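Undergrad: For the sequence shown, the residue numbers in numbering that gives the first Met the number 0 are 0 to 580.
Don't be surprised by glycine CBs; every beta carbon is placed ideally from N, CA and C.
If you're wondering where the values come from, they're calculated on a predicted model, not measured in any experiment.
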Amino acid sequence: MATSSGQQHVRPWRYLTAFAGIVVVLYALVFLTGGGNLTPKLGIDLQGGTRVTLTARTTDGQPPPRDQLIQAQDIIEQRVNGLGVSGAEVQLDGSNIVITVPGDAGEQARSLGQTAQLRFREVLQGPVPANQAAGQQPAPGQDAQSGQAPASQAPASPAPAQPQGMGEQSRPVAPVAQVSPLQDPPPTPAPSPTPSPSGLAPDDPRVAAEVTKLRETRQSTDQATQLQALLALNCGAPDPLQGYDDPTRPLVACSEDGQSKYLLGPSFLEGTEIASAQAQQNQQGVGWVVGLTFKPQGADTWGRYTTENVGKNVAFVLDGDVVSAPTINQPIFGQTQISGQFNQDRAQQLAQVLRYGSLPLSFDSGNAQTVSASLGLASLEAGLIAGAVGLVLVFAYCLFYYRLLGILTILSLALSGLVVYAVLILLGRWIGFTLDLAGVAGFIIAIGITADSFVIFFERLKDEMRDGRTFRSAVPRSWERARRTILTADAVSFLAAAVLYILAVGEVRGFAFTLGMSTVLDLVVVFLVTFPLVVLISRSRSLGRPGLSGLGAVDRIGSRHRREKPAVGRRAATTGKGTGA
Numbered sequence: 000m001a002t003s004s005g006q007q008h009v010r011p012w013r014y015l016t017a018f019a020g021i022v023v024v025l026y027a028l029v030f031l032t033g034g035g036n037l038t039p040k041l042g043i044d045l046q047g048g049t050r051v052t053l054t055a056r057t058t059d060g061q062p063p064p065r066d067q068l069i070q071a072q073d074i075i076e077q078r079v080n081g082l083g084v085s086g087a088e089v090q091l092d093g094s095n096i097v098i099t100v101p102g103d104a105g106e107q108a109r110s111l112g113q114t115a116q117l118r119f120r121e122v123l124q125g126p127v128p129a130n131q132a133a134g135q136q137p138a139p140g141q142d143a144q145s146g147q148a149p150a151s152q153a154p155a156s157p158a159p160a161q162p163q164g165m166g167e168q169s170r171p172v173a174p175v176a177q178v179s180p181l182q183d184p185p186p187t188p189a190p191s192p193t194p195s196p197s198g199l200a201p202d203d204p205r206v207a208a209e210v211t212k213l214r215e216t217r218q219s220t221d222q223a224t225q226l227q228a229l230l231a232l233n234c235g236a237p238d239p240l241q242g243y244d245d246p247t248r249p250l251v252a253c254s255e256d257g258q259s260k261y262l263l264g265p266s267f268l269e270g271t272e273i274a275s276a277q278a279q280q281n282q283q284g285v286g287w288v289v290g291l292t293f294k295p296q297g298a299d300t301w302g303r304y305t306t307e308n309v310g311k312n313v314a315f316v317l318d319g320d321v322v323s324a325p326t327i328n329q330p331i332f333g334q335t336q337i338s339g340q341f342n343q344d345r346a347q348q349l350a351q352v353l354r355y356g357s358l359p360l361s362f363d364s365g366n367a368q369t370v371s372a373s374l375g376l377a378s379l380e381a382g383l384i385a386g387a388v389g390l391v392l393v394f395a396y397c398l399f400y401y402r403l404l405g406i407l408t409i410l411s412l413a414l415s416g417l418v419v420y421a422v423l424i425l426l427g428r429w430i431g432f433t434l435d436l437a438g439v440a441g442f443i444i445a446i447g448i449t450a451d452s453f454v455i456f457f458e459r460l461k462d463e464m465r466d467g468r469t470f471r472s473a474v475p476r477s478w479e480r481a482r483r484t485i486l487t488a489d490a491v492s493f494l495a496a497a498v499l500y501i502l503a504v505g506e507v508r509g510f511a512f513t514l515g516m517s518t519v520l521d522l523v524v525v526f527l528v529t530f531p532l533v534v535l536i537s538r539s540r541s542l543g544r545p546g547l548s549g550l551g552a553v554d555r556i557g558s559r560h561r562r563e564k565p566a567v568g569r570r571a572a573t574t575g576k577g578t579g580a
């Protein structure tokens, strides 16, 4: 009778209340966040998408090495994964890398192919307005813009008021990169794009000769040649030198917005020394910055340089363009910030590409192309029809074989679908998860896993009743034994999904993700819904009749066992008396 006592201690309404609380919290997040979007994000095959082809460039015009292409593909895939399970695909096509992203996020795909070659260079001269002509030469030793001494020779300007938490001596923290932007020139319209000096397209193999020529001018060590290259540089033209500048030589470069030009010294610190990069809101509360943390050797180099060059300007050069050229106000041994005209999206993109390292090759991105979803939608429609037919057959079988317990199976599956839908919406908002055909297949297989859990419980319940227990007393004992099997089976399924997710790529990862997520939700539904509902039915006089629950046959077998046990006990007692006599 211990099981009957255990039965009394089960409080099914507590389980059901906990499940109801989970559903309320999930749908509160669905309706109160996300700007009213109440549908999951769909993958490429269900909603179409954008495809961008990245064409590799080499300095000698020859096809890029295969190992460098594979390395570039791996880095781009890491950048994609850094966005979450977004449904993007990265594939090699000859010497090209093809990135396909769901929806119309073509600009996002282009940013994933950014070389992200970050270098730190001293500002020797500038900024010079981008539209200044070669005839407007400044006097020797003077800034090309204002006629004053160049930035490297100018006295340090007084530091502006420091924002709260940035370099304040009263706070026991390592100094943060407190910088003051150079005085920008008056806004000038960016020049209209023009062909490169040789008239070649950026992806033309003959561009290698132009790269060599530009290294002799824009990276010359001769001061006269440097000045001529600075004034002749056209910031509106394609730049074949982008991503192929020599870090050991000076560089004439444009600002990222194409408004200014700079003469920079050799690189003294490479972006490969970056340990982490995060987008942060400016501590002044205006704009965004990218916070950098260096590796030990890089932090030591940066600290020594900023100590020896207080008052000078340093340029953060990304893929040959000057992102910002601030003034060093104090030695910096802690976190460093790259400031610029960043909005939140641009700061997050830059932090992402820096976080996963620079690509071994430079790429030119082609036009974004729209990918149709007609084939995927047709396949989805066919799959949904087949799934609906299968569910109807499963429901019919459950109703015929389990009757009232079959209705519990249908209700549990419906509640599981309710939770899954909310989780899909929230994952789409939080980690960029997109549902594609492979993910739908994972959910369909998970339905079978959930149904198996019900079958294990119900069949164990029948075994207990065949052994002579009543419906009421058989529920807790059967659950105690069935839940071990359910946990073991779901653990194996989740482990398989996790291994598949780690080892696979592309759509297969989406399949593994949905399979693993559904397996976890199966445990939630079985423990918090199915089991307590069966307990409530077993305690009800009207609903707990074995015939109503499809348990009439096993109950009759159990009744015979219960009648036979007392008879066997009486015969054993009688035999004992006779033997004693």
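Can you tell me where the alpha helix (DSSP H) holding R50 begins and where it ends?
TA: Where R50 is concerned, there is no enclosing alpha helix (DSSP H), although the beta strand (DSSP E) it sits in stretches over 48–56.
Undergrad: For R248, which residues in the same chain have their Cβ closer than 7 Å to its Cβ, ignoring the five residues on either side in sequence?
TA: Cβ neighbours of R248 beyond the five flanking positions: Q218, T220, P265.
Undergrad: Do S548 and L403 have their beta-carbon atoms positioned less than 8 Å apart in this structure?
TA: The answer is yes: Cβ separation under 8 Å.
Undergrad: Among Q277, Y243, L240, L232, which residue has its Cα nearest to the Cα of Q258?
TA: Taking only the C-alpha atoms, the option nearest Q258 is L232.
Undergrad: In this structure, how does DSSP classify A17 when only helix, strand and coil are distinguished?
TA: Note: A17 maps to helix in three-state DSSP.
Undergrad: Do you know how far the Cα of F512 is from the Cα of V439?
TA: About 11 Å.
Undergrad: Report all residues from its chain with a CB closer than 6 Å to the CB of S94; omit the five preceding and five following residues, and keep chain order.
TA: A55, P62, P63, listed in sequence order.
Undergrad: Kindly identify the DSSP beta-bridge partner or partners of N312.
TA: DSSP output for N312 lists T326 as bridge partner(s).
Undergrad: With a CB to CB cut of under 8 Å and the five nearest residues on each side skipped, what residues in its chain are close to V84?
TA: For V84, the predicted structure reports a pLDDT of 45, less than 50, and the residue's modelled location is therefore unreliable. A value from the coordinates is still provided. Closer than 8 Å at Cβ, skipping near neighbours: L426, I430, G431, F432, T433, R508, G509, F512.
Undergrad: How long is the line joining the alpha carbons of D142 and S338, rounded to whole angstroms?
TA: Low confidence applies here, because D142 scores a pLDDT of 41, under 50, leaving its location unreliable and the question unanswered by this model.
Undergrad: When the distance is taken between beta carbons, is Y420 closer than 8 Å to A324?
TA: Going by C-beta atoms, A324 is not nearer than 8 Å to Y420.
Undergrad: What does the Cβ neighbour count give for N312, buried or exposed, with the cut at 16 atoms within 10 Å?
TA: So N312 counts as buried.
Undergrad: Where do the ends of the beta strand (DSSP E) carrying T292 lie?
TA: Residues 287–293.
Undergrad: Note the first and the last residue of the continuous alpha helix (DSSP H) segment covering Q225.
TA: Note, Q225: alpha helix (DSSP H), 222–231.
Undergrad: Nearest-angstrom Cα distance between W301 and L268?
TA: Computed Cα separation, rounded: 7 Å.
Undergrad: Return the chain-ordered list of same chain residues with a C-beta closer than 7 Å to the C-beta of F394, the five sequence neighbours on each side being excluded.
TA: Cβ within range, chain order: I409.
Undergrad: Looking at the unbroken alpha helix (DSSP H) that takes in A252, where does it start and where does it end?
TA: Note, A252: premise wrong, no alpha helix (DSSP H); beta strand (DSSP E) at 250–253.
Undergrad: Whole angstroms is fine: what's the gap from G386's alpha carbon to S361's?
TA: In a straight line, the C-alpha of G386 is about 46 Å away from that of S361.
Undergrad: Give the straight-line distance between the Cα atoms of S378 and D435, rounded to the nearest whole angstrom.
TA: Near 11 Å, if we compare the C-alpha coordinates of D435 and S378.
Undergrad: In the DSSP assignment, what are the bridge partners of S361?
TA: R56.
Undergrad: Are T529 and F493 touching if we call contact CB-CB under 8 Å?
TA: Result no, Cβ atoms of T529 and F493 do not sit closer than 8 Å.
Undergrad: State the DSSP-derived secondary structure class of A585, mapped to helix, strand or coil.
TA: The first residue shown for the chain is 0 and the last is 580, placing residue 585 beyond what the model contains.
Undergrad: Provide the residue span of the beta strand (DSSP E) that contains L117, from first to last.
TA: Residues 117–128.
Undergrad: Measuring alpha carbon to alpha carbon, tell me which residue in L250, K461, G333 is nearest D318.
TA: The shortest Cα separation from D318 among L250, K461, G333 belongs to L250.
Undergrad: State the Cα-Cα distance for the pair L226 and D244, rounded to the nearest angstrom.
TA: Near 18 Å, if we compare the C-alpha coordinates of D244 and L226.
Undergrad: Less than 6 Å between C-beta atoms, sequence neighbours within five positions excluded: which residues of the same chain meet that for P531?
TA: Excluding positions up to five away in sequence, the list reads P11, Y14, L15.
Undergrad: Distance, Cα to Cα, T224 vs L353?
TA: Taking the straight line from one Cα to the other gives about 33 Å.
Undergrad: To the nearest angstrom, how far is it from the Cα of S537 to the Cα of Q77?
TA: Going from the Cα of S537 to the Cα of Q77 covers about 53 Å.
Undergrad: What does the Cβ neighbour count give for V388, buried or exposed, with the cut at 16 atoms within 10 Å?
TA: With fewer than 16 other Cβ atoms within 10 Å, it is exposed.
Undergrad: In three-state DSSP terms, what is F267?
TA: Note: F267 maps to strand in three-state DSSP.
Undergrad: Are the stretch 442–449 and the stretch 44–51 touching by the rule of at least three beta carbon pairs closer than 8 Å?
TA: The stretch 442–449, when compared against the stretch 44–51, does not touch it at the 8 Å Cβ threshold.
Undergrad: Kindly identify the DSSP beta-bridge partner or partners of T211.
TA: Answer is none; T211 lacks a bridge partner.
Undergrad: In terms of alpha-carbon separation, which member of E215, V422, E209 lies closest to L520?
TA: With distances taken between Cα atoms, L520 lies closest to V422.
Undergrad: Quick test of your reading: T305 and I273, contact by CB under 8 Å. State the CB separation rounded to the nearest angstrom.
TA: At roughly 16 Å, the Cβ-Cβ gap does not stay under 8 Å, so T305 and I273 are not in contact.
Undergrad: Got a sec? Which residues, its chain only, sit under 6 Å from V553 by beta carbon, not counting five neighbours each side?
TA: For V553, where only same-chain residues beyond five positions count, the Cβ hits under 6 Å are K461, M464, R465.
Undergrad: Rounded to the nearest angstrom, how far is the Cβ of Q124 from that of L229, given a contact under 8 Å?
TA: At roughly 7 Å, the Cβ-Cβ gap stays under 8 Å, so Q124 and L229 are in contact.
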